[in-house]
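Number 56 in numbering that gives the first Met the number 0 belongs to position 57 of the sequence shown; there are no gaps in the numbering.
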Amino acid sequence: MTLDHQSIIEKKVKLQQAIRVLEDLGGRTLENLQKDEIEMGAVLHYLALGIESILDIGSHILTEDFGTSPQTYEEVIQLLGQKKVISMELAKQSSGIGKFRNKMIHEYSHINFEKVYGYLQKTPKELKRFDQAFSRYLKKRKKSKGVNSI
């Protein structure tokens, strides 16, 4: 099976952009963010973008390299751990991230900003770990299959 390298590159660029913005916004207090609708909107957008990026990259790897099509976001994270694309520790730590993304997107009128702020404080580090794990996996894949990596 063939990975779409251009698609993964584009998603990794978006993931890295989300990490940078979230790290910057994470330095603000909850009170300051709640007072600034634009910054809170940016937090929500970049959390969703970062989470979607890891789920899209993970789904693509699982489908193309392992012939499996995860049915839920939680399954993407679990399978990435089981297939050793990410560590099981990261898979366990990130359990629930897909459900959180769905709440932000589909239940936006009931968003708990304290919970969002909690995710803002921890998610950039998690996203970085996913980005690094994907890079390691793709580099290892290149060596074993003799194909171009990212």
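Beta carbons are placed, not taken as given, at the ideal position from N, Cα and C, and that holds for glycine.
CB-CB length for residue i against residue j, believed under 8 Å
i, j, result
"Leu24", "Val42", "5 Å"
"Lys82", "Leu48", "Rounded, the Cβ-Cβ distance is 24 Å, inconsistent with contact."
"Glu73", "Lys98", "7 Å"
"Asp3", "His59", "7 Å"
Option nearest residue i by Cα separation, candidates the options
i, options, result
"Leu32", "Glu106, Lys127, Asn111", "Asn111"
"Arg19", "His44, Leu2, Thr28", "His44"
"Ser93", "Lys121, Glu113, Asp64, Ile104", "Lys121"
Residue i versus residue j: straight-line alpha-carbon distance, rounded
i, j, result
"Ser134", "Tyr116", "28 Å"
"Leu160", "Ile50", "The first residue shown for the chain is 0 and the last is 149, placing residue 160 beyond what the model contains."
"Asp35", "Thr1", "44 Å"
"Gln16", "Arg27", "18 Å"
"Ala132", "Glu125", "10 Å"
"Thr71", "Ser6", "21 Å"
"Leu119", "Met39", "10 Å"
"Asp64", "Ile56", "12 Å"
"Ile104", "Pro69", "20 Å"
"Leu89", "Lys102", "21 Å"
"Tyr107", "Leu54", "20 Å"
"Arg100", "Lys141", "31 Å"
"Lys114", "Met87", "24 Å"
Cβ neighbours of residue i in the same chain (closer than 8 Å, five flanking residues each side left out)
i, result
"Phe127", "Residue 127 is actually Lys in this sequence, not Phe. Only Ile18 meet the Cβ criterion."
"Ser143", "none"
Contact set for residue i: own chain, Cβ-Cβ below 6 Å, skip 5 residues either direction
i, result
"Ile96", "Ile50"
"Lys139", "none"
"Ile37", "none"
Proximal residues to residue i (C-beta, below 7 Å), its chain only, five neighbours per side dropped
i, result
"Ser52", "Lys10, Lys13, Leu14, Ala17"
"Thr67", "Leu61, Leu78"
"Pro123", "Ile18, Leu21, Glu22, Gly25"
Check whether residue i and residue j have beta carbons under 8 Å apart
i, j, result
"Leu46", "Leu79", "no"
"Tyr136", "Val84", "yes"
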